[in-house]
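In what follows, a structure is listed as structure tokens, so that the remarks can point back to it.
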Amino acid sequence: MTELILHHYARSPFSEKVRLVLGMKGLHWKSVDVPVMLPKPDVMALTGGYRRTPFMQIGADIYCDTALMCRVIDRLHPQPALYPEMARGAAPMLAAWADSALFWVAVPRTFQLGAKELMGKAPPEFLKAFADDRTAMMAGVRRPGPQDTHAQLLTYLGWLEQQLGDGRPFMLGALACIADFSIAQSIWYMHHSPTVAALLQPYPALLVWYARMLDFGHGVSHDLSSTEAIEMARAATGHAACAVDASLGFEPGSEVTVNALDYGADPVAGRLVGLSLDEVVLERVDARAGQVHVHFPRVGFQIKSMEKSA
Ligand SMILES: N[C@@H](CCC(=O)N[C@@H](CS)C(=O)NCC(=O)O)C(=O)O
């Protein structure tokens, strides 16, 4: 079964990155709306504890983190290529910068300057609950202040404008690649606040590039409820092929946990069924979703043996 189900919410920048990728590929996909904050019981039924947004489901295979999701989408639907030959190494490197450094100044800066425009109509109880949720998700992470985000965002926007300075249509040349989508999500988020969007005016090449990115659209989505998605996982027969490369330090079938190394680091526990440089895959059995395989990228995630620590 290769039907793509994206679990996401409208205002999520990382979700917008994937929606635009689905648009570039011209795909039909199923759309499940997830809560913007905890609790997320239907998310947990599928992921086993990973709370970040978005994640992708294909039958009983669950893919966490957009870096992996985009590689899977590209493998299943290779044209047009998301990692074109001209940028095989540079594309994921630039994407990783945009998903971390750029994102973590663009999004906080947008909140710092545009909170009222973004959240103006939300009731105070929602705002308090949202702030508490994100504070807990970011526990232990140093967060930049307004002077930091101001200076760093201007530096990054300057770099992007220079990168497009020779008139190239996309960040790494003639073709769009994963880096364009990772950068676009931050610029997209800035546009939710008119005050913050105005900061982009001195960067004309970036704005032309951004309009080109929006032209990809989102493909064609069909709404699905989270209950139906869980039912589809339970009904699925089989999983995507995977195998454990034991030279990477863990035994096939061992009990492990996997967690993100940066934030939202809640561990997911399961039996190790896949391990390569590209991904780590856990098998877990959920009361509602049945036997699911939860996939994470290897980069940016930590695997811990439960057997050793027991
Ligand atoms: N590296 C992750 C980052 C995902 C991420 O930070 N997503 C944000 C929303 S855009 C999030 O999870 N926020 C908390 C939540 O949705 O519960 C990815 O590429 O998927």
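Heads up: the sequence shown begins at -5 in the numbering used here, then just goes up one per residue.
Think of the CB as a built atom: it goes at the ideal place given N, C-alpha and C, for glycine as much as any other residue.
All of these numbers come straight from a predicted model, not from anything done at the bench.
Beta-carbon gap between residue i and residue j smaller than 8 Å
i	j	result
Asp36	Tyr3	no
Val262	Ser299	no
Ala100	Met184	yes
Gly159	Ala199	yes
Ala81	Ser176	no
Leu166	Arg103	no
Val190	Gly108	yes
Val252	Pro246	no
His71	Leu0	no
Tyr257	Met87	no
Leu193	Ser25	no
Per-residue burial, residue i [other beta carbons within 10 Å of its own, 16 or more giving buried]
i	result
Gly53	buried
Arg278	buried
Ala85	buried
Thr231	exposed
Phe120	exposed
Met207	buried
Arg5	exposed
Ala304	Residue placement at Ala304 is poorly supported in this model, since its pLDDT is 46, which falls under 50; the coordinates still yield a value, given next. Label assigned to Ala304: exposed.
Met63	buried
Gly42	buried
Trp153	exposed
Ser114	It is Gly, not Ser, that sits at residue 114 in the sequence shown. Flag for Gly114 reads exposed.
Asp174	buried
Arg45	buried
Lys122	exposed
Pro291	buried
Glu273	buried
Ala242	According to the sequence shown, residue 242 is Leu rather than Ala. With fewer than 16 Cβ atoms within 10 Å of its Cβ, Leu242 is classed as exposed.
Ala116	exposed
Pro163	exposed
Glu79	exposed
Pro7	buried
Ala223	buried
Leu(-2)	buried
Val288	buried
Ser270	exposed
Sequence-distant residues of the same chain with beta carbon closer than 7 Å to residue i, five excluded per side
i	result
Val286	Leu40, Ala54, Ile56, Ala227, Arg278, Asp280
Tyr204	Ala178, Ile181
Glu301	Ser248, Glu249
Asp127	Met31, Leu32
Thr129	none
For residue i, the nearest candidate out of the options (CA to CA)
i	options	result
Gly211	His233, Lys19, Leu0, His1	Lys19
Met50	Arg13, Arg292, Leu242	Arg13
Leu255	Ile297, Leu166, Asp160	Ile297
Leu266	Gly258, Val275, Asp260	Val275
Cys236	Glu222, Gly268, Gly243	Gly268
Phe295	Asp59, Met132, Arg82	Asp59
Trp23	His216, Leu147, Asp127	His216
Ser94	Tyr150, Asn253, Pro78	Tyr150
Glu225	Ala283, Met113, Leu147	Ala283
Ala259	Thr47, Glu273, Ala240	Thr47
His144	Pro7, Leu96, Ser219	Leu96
His186	Ala205, Lys110, Arg137, Gly247	Lys110
Ile172	Leu193, Ser270, Arg65, Ala234	Arg65
Gln157	Ala133, Arg137, Val135, Val202	Val202
Phe124	Arg137, Ala170, Met38, Pro29	Pro29
Arg137	Ala229, Thr(-4), Lys11, Trp98	Trp98
Contacts around residue i, its chain only, beta-carbon distance under 6 Å, and the 5 residues preceding and following it disregarded
i	result
Gly264	Leu276, Glu277, Arg278
Glu155	Tyr197, Ala199, Leu200
Asp68	Leu76
Ala318	The requested residue 318 is not part of the displayed model; the chain covers only -5 to 304.
Gly17	Phe210, Gly211, His212, Gly213
Ala234	Asp55
Ala61	Pro291
Gln106	Pro140
Leu169	Pro78
Cβ shell of residue i (< 8 Å), same chain only, five flanking positions each side left out
i	result
Thr221	Asp36
Lys34	Val28, Arg45
Phe244	Val238, Val250, Leu266, Leu269, Ile297, Ser299
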